[in-house]
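Colleague: Pasting a structure below so you can have a look.
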Amino acid sequence: SAVISQKPSRDICQRGTSLTIQCQVDSQVTMMFWYRQQPGQSLTLIATANQGSEATYESGFVIDKFPISRPNLTFSTLTVSNMSPEDSSIYLCSVRQGEPRYGYTFGSGTRLTVV
Amino acid sequence: SQQGEEDPQALSIQEGENATMNCSYKTSINNLQWYRQNSGRGLVHLILIRSNEREKHSGRLRVTLDTSKKSSSLLITASRAADTASYFCATDANNNDMRFGAGTRLTVKP
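So the sequences go chain by chain: C and G.
Sequential numbering of the first sequence, starting at -14, is according to the numbering used here.
Sequential numbering of the second sequence, starting at 406, is according to the numbering used here.
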């Protein structure tokens, strides 16, 4: 199964600044997914990132706020821009593990606190 | 956006007891998956059940799916303290569109 290295694992940031989260996969994958998990809540899909094309954003999420890069088939970044305390969440990247029966693999998450 | 609801929101049991969590969803699906999350870390895939399957087992896990009621259940038998975690169901409608339920926080007391 795929292994994802996600960095940083946590950060405390000042409001108005930006943070870039990185996910490195140990195998080539077509699609990578970025999720947000607000405190005590479930996961909400932010966007789907394909290599070589612009990410597809879900309703309520925009590229200016959450720009995504996907320079190759093993790497992606999500930037949380102009942060406010409401952006304090866990951010997770995910890839599908080949056959559907293996489900999706998730990074270990980035716990972001905006002060 | 979330697909469905899970109940209970929180469940506390003694080690050795069985834990049952339920998940309901709203739209047609290709498959339904269950994940575990420890202390706000990454999610771990537990089991997948396809829309044409009714029951599936994996070790101490038993999953059922009722597509007519748009619901699923996860049973953990002979629970252990290490099973303490949050459990989420996720529906996959078109193989690239996963939607997560609200989750159940399970506490297994030693």
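Backbone N, C-alpha and C fix where the C-beta goes; we use that ideal spot for every residue, glycine too.
For F493 (chain G), which residues in the same chain have their Cβ closer than 6 Å to its Cβ, ignoring the five residues on either side in sequence?
Modeller: Numbered from 1 along the second sequence, position 88 holds the residue referred to as residue 493 (chain G). Excluding residues within five positions, the ones whose Cβ falls inside 6 Å are Y440, F505, G506 and G508.
Colleague: Residues in the same chain with beta-carbon distance under 6 Å from R510 (chain G), minus the five sequence neighbours each way, listed in chain order, please.
Modeller: Reading the second sequence from its first residue, position 105 is the one you call residue 510 (chain G). Closer than 6 Å at Cβ, skipping near neighbours: A415 and S491.
Colleague: Could you name the residues of chain G that G94 (chain C) contacts, counting a contact when the two beta carbons are closer than 7 Å?
Modeller: Taking the first residue of the first sequence as position 1, residue 94 (chain C) is located at position 109. Those are G445, R446 and G447, listed as they occur along chain G.
Colleague: DSSP on D502 (chain G), reduced to helix/strand/coil?
Modeller: The residue given as residue 502 (chain G) occupies position 97 in the second sequence. Here D502 (chain G) sits in coil by DSSP.
Colleague: Exposed or buried, which one is Q(-1) (chain C) when buried takes at least 16 other CB atoms within 10 Å?
Modeller: Residue mapping note: residue -1 (chain C) aligns to position 14 of the first sequence, counting from 1. By the neighbour-count rule (16 or more Cβ atoms within 10 Å), Q(-1) (chain C) is not buried but exposed.
Colleague: When you compare only the Cα positions, how much space is there between Q22 (chain C) and C78 (chain C)?
Modeller: Residue mapping note: residue 22 (chain C) aligns to position 37 of the first sequence, counting from 1. Residue mapping note: residue 78 (chain C) aligns to position 93 of the first sequence, counting from 1. Distance between the alpha carbons of Q22 (chain C) and C78 (chain C) is about 11 Å.
Colleague: Alpha carbons only, please: which of G:T469, G:A498, G:N427 and G:G447 is nearest the one belonging to E410 (chain G)?
Modeller: Position 5 of the second sequence holds residue 410 (chain G). Measuring from the Cα of E410 (chain G), the nearest candidate turns out to be G:N427.
Colleague: Against chain G, does F51 (chain C) count as a neighbour if the rule is that its beta carbon must be under 8 Å from one of theirs?
Modeller: If you number the first sequence from 1, residue 51 (chain C) lands on position 66. No, its Cβ sits nowhere closer than 8 Å to a Cβ of chain G.
Colleague: Reducing DSSP to helix, strand and coil, say where R510 (chain G) ends up.
Modeller: Here residue 510 (chain G) is taken as the residue at index 105 of the second sequence, counted from 1. Strand, per DSSP.
Colleague: Going by beta carbon distance, what residues of the same chain come within less than 7 Å of T90 (chain C), once the five residues before and after it are set aside?
Modeller: Locating residue 90 (chain C) in the first sequence gives position 105, counting from the first residue. Counting only Cβ-Cβ distances below 7 Å, and skipping sequence neighbours, we find S(-14), A(-13), I(-11), S79, V80 and Q82.
Colleague: Just to confirm the assignment, what range does the beta strand (DSSP E) spanning D11 (chain C) have?
Modeller: Here residue 11 (chain C) corresponds to residue number 26 of the first sequence, with the count starting at 1. No beta strand (DSSP E) contains D11 (chain C), which DSSP labels as neither H nor E.
Colleague: So that I know if they touch, is there some Cβ in chain C lying closer than 8 Å to that of N436 (chain G)?
Modeller: Position 31 of the second sequence, counting from 1, holds the residue named residue 436 (chain G). Closer than 8 Å to some Cβ of chain C, the Cβ of N436 (chain G) qualifies, so yes.
Colleague: Got a sec: is the Cβ-Cβ distance from M426 (chain G) to anything in chain C below 8 Å?
Modeller: As a first step, residue 426 (chain G) must be located in the second sequence, where it is residue number 21. M426 (chain G) does not count as touching chain C.
Colleague: With distance defined between alpha-carbon atoms, name the residue in G:S476, G:K431, G:D471 and G:R485 nearest to D412 (chain G).
Modeller: To locate residue 412 (chain G), count along the second sequence from 1; it is residue 7. Measuring from the Cα of D412 (chain G), the nearest candidate turns out to be G:S476.
Colleague: Can you check whether the CB of T98 (chain C) is closer than 8 Å to the CB of I(-3) (chain C)?
Modeller: Against the first sequence, residue -3 (chain C) aligns to sequence position 12. Against the first sequence, residue 98 (chain C) aligns to sequence position 113. The answer is yes: Cβ separation under 8 Å.
Colleague: Please work out which residues of its chain come closer than 7 Å, Cβ to Cβ, to S163 (chain C), disregarding the five sequence neighbours upstream and downstream, and give them in chain order.
Modeller: Residue 163 (chain C) cannot be examined here, being either before or after the span of chain C that is shown, -14 to 100.
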